[in-house]
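In mature numbering (1 follows the signal peptide of the UniProt record, and there is no 0), the protein residues as written are -19 to -1, 1 to 493. Just so it is clear, CB atoms sit at the ideal spot from N, CA and C, and this is done for glycine as well. As structure tokens, the structure follows; a few thoughts come after it.
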Ligand code: NOJ
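The following block contains the structure:
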């Protein structure tokens, strides 16, 4: 009898473990992809007529910005190995591949009106044609952090003139590739560009204008996005029939305690870190709470106007509704608590929120990255409620490790459980999520962490001249998910074991 009980309880536990995963199929037309970006994978930093970007410049002049003094000079060498990459994408079975175009490969000098580099143009022409030949849609990010250094020399994203330079660059891309590229992302992760690049010196161009740079940069980036969206609508949409959006990074922020203060803090965090971009793109202007708080604090701090710039009425009209889809990068959940005593001026003190992690949530590679799948569902529901259920595409999500491990069970668990929560958000909460891309296709240059943090479905041997690529277990799991259009019951394939359990059970029942 006790053997029977043991077996039944084993099966019960097994069922509960597997049962937590959603058994829904992905909706019709749901699309899977993987993501990458030019500086992180291409290498060939000075080949084929390419100009110098802020990452080339910063890391050549100060290698200490990055752990182990590494840089993206060679990275995964995808500039030369793109055919091999495409063969692997084909094997993975993705419907789209998200990659970014290097601004300085196309327009080496960066400035509006300056020359287009034919070798650079050819590289992306070949890549796009080869993807389409394999039935994979190119999903192109126009700007993924590698600003031409020439533009940084005149202030980069802090100088409003960048809007014209960006419009010229985007127009060049629409003219060159728009006949074949049907989905465009203007800008990837505004907050990371602006807060980490211009206010806390963690990403290029490594400036530290706390509480000021972040807003000037964000303002110009939003104007640049809006202008490019309208440009496409007015001049290209009718003939090219594509879609334009941008990508905002979103942690889900969970109140640290159930106090009213912490609950408000969590909402403030979402508004100051996600709403700062989503609110203008959807409704035309910054979230009211941001405008109020920053204006009041700026006044107290001795500024003669708000550190958060204002949009004109015309700009509000231009930015409002400037999206065909809302691109969201989601990795994790953090804790938020109210704190009115943070160093000023800064985005964090404007927000009045201190963030932390819950040490009981799994994760030890990057301080901010924990395994919290339920937070993903909460985020999607919040987006639905706050922005009137927009069409969302998740354009990054993934798990980092410090080891090269090919048997990456934690990454497998991450995708299984996050995708499961996403399915519940779609079917049970009515969220319009139409695609998901894993970050990342390959291990890559992970910005200030260099090559120490690995996100790839594919391991890359950065020690080998050939940058050898080997698919991990998560590659097979992602492929199984795409092929079966659902989350297979268990990574150990329950269907193989069920008959065995059944025979054991019958045998035990006979014994009693
Ligand atoms: C978001 C960025 O877009 C990407 O470049 C980066 O590697 C991942 N997050 C992981 O940190």
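Measure how close the beta-carbons of residue i and residue j come, nearest whole angstrom, since I'm counting them as under 8 Å.
i           : j           : result
residue 349 : residue 338 : 7 Å
residue 123 : residue 165 : 6 Å
residue 439 : residue 451 : 7 Å
residue 311 : residue 347 : In fact, because the Cβ distance is near 15 Å, the residues do not count as touching under 8 Å.
residue 184 : residue 429 : 7 Å
residue 6   : residue 466 : 5 Å
residue 420 : residue 379 : 4 Å
residue 35  : residue 115 : Contact doesn't hold; Cβ gap of about 33 Å is too wide.
residue 418 : residue 161 : 19 Å between Cβ atoms; not a contact.
Classify residue i as buried or exposed, calling it buried when 16 or more other Cβ atoms lie within 10 Å of its own Cβ.
i           : result
residue 390 : exposed
residue 201 : buried
residue 484 : exposed
residue 403 : buried
residue 23  : buried
residue 241 : exposed
residue 31  : buried
residue 411 : exposed
residue 128 : buried
Just the C-alpha distance for residue i and residue j, rounded to the nearest angstrom, thanks.
i           : j           : result
residue 449 : residue 422 : 14 Å
residue 109 : residue 119 : 6 Å
residue 280 : residue 319 : 22 Å
residue 472 : residue 353 : Note that residue 472 scores a pLDDT of 47, beneath 50, so its modelled location is shaky; the value from the coordinates is reported in the next line. The straight-line gap from Cα to Cα measures roughly 19 Å.
residue 142 : residue 52  : 29 Å
residue -3  : residue 385 : With a pLDDT of 40 at residue -3, under the threshold of 50, the modelled position of this residue cannot be trusted, and the question is left open.
residue 253 : residue 271 : 7 Å
residue 401 : residue 91  : 43 Å
residue 306 : residue 137 : 27 Å
residue 445 : residue 398 : 34 Å
residue 235 : residue 171 : 22 Å
residue 369 : residue 139 : 32 Å
residue 416 : residue 217 : 24 Å
residue 38  : residue 182 : 15 Å
residue 144 : residue 210 : 12 Å
residue 486 : residue 470 : 21 Å
residue 269 : residue 256 : 10 Å
residue 447 : residue 61  : 10 Å
residue 501 : residue 71  : Here the chain covers residues -19 to 493 and nothing more, so residue 501 does not appear.
residue 98  : residue 85  : 9 Å
residue 502 : residue 15  : In the structure as shown, the chain starts at -19 and stops at 493, and residue 502 therefore has no counterpart that could be examined.
residue 159 : residue 176 : 31 Å
residue 374 : residue 289 : 29 Å
residue 392 : residue 101 : 34 Å
Closer than 7 Å to a non-hydrogen atom of ligand 1 - does that hold for the CB of residue i?
i           : result
residue 18  : yes
residue 377 : yes
residue 84  : no
residue 26  : no
residue 21  : yes
residue 298 : no
residue 169 : yes
residue 304 : no
residue 310 : yes
residue 427 : yes
residue 233 : no
residue 420 : yes
residue 338 : no
residue 357 : no
residue 436 : yes
residue 394 : no
residue 216 : no
residue 230 : yes
Cβ of residue i within 7 Å of any heavy atom in ligand 3?
i           : result
residue 251 : Ligand 3 is absent from the structure shown, which contains only ligand 1.
Report task. Kindly provide the ranges of any beta strand (DSSP E) runs that are 3 or more residues long and lie completely inside the region 241 to 329, ordered along the chain. Result -> 307 to 310, 314 to 319
Requested in this report: Pick out the complete beta strand (DSSP E) segments inside the region 333 to 383, 3 residues or longer, and give them in chain order.
Outcome: 334 to 337, 373 to 377
Query - Complete beta strand (DSSP E) runs within the region 421 to 462 (minimum length 3 residues, chain order) - result: 439 to 441, 450 to 452
**Report entry** Length at least 4, wholly inside the region 21 to 103: the alpha helix (DSSP H) runs in chain order
**Finding:** 35 to 42, 59 to 73, 84 to 87
Query raised in the report: Whole beta strand (DSSP E) runs in the region 393 to 425 with 3 or more residues, listed along the chain?
Result: 414 to 419
Query - Those runs of the alpha helix (DSSP H) which lie wholly inside the region 139 to 215 and span at least 4 residues - result: 143 to 158, 194 to 212
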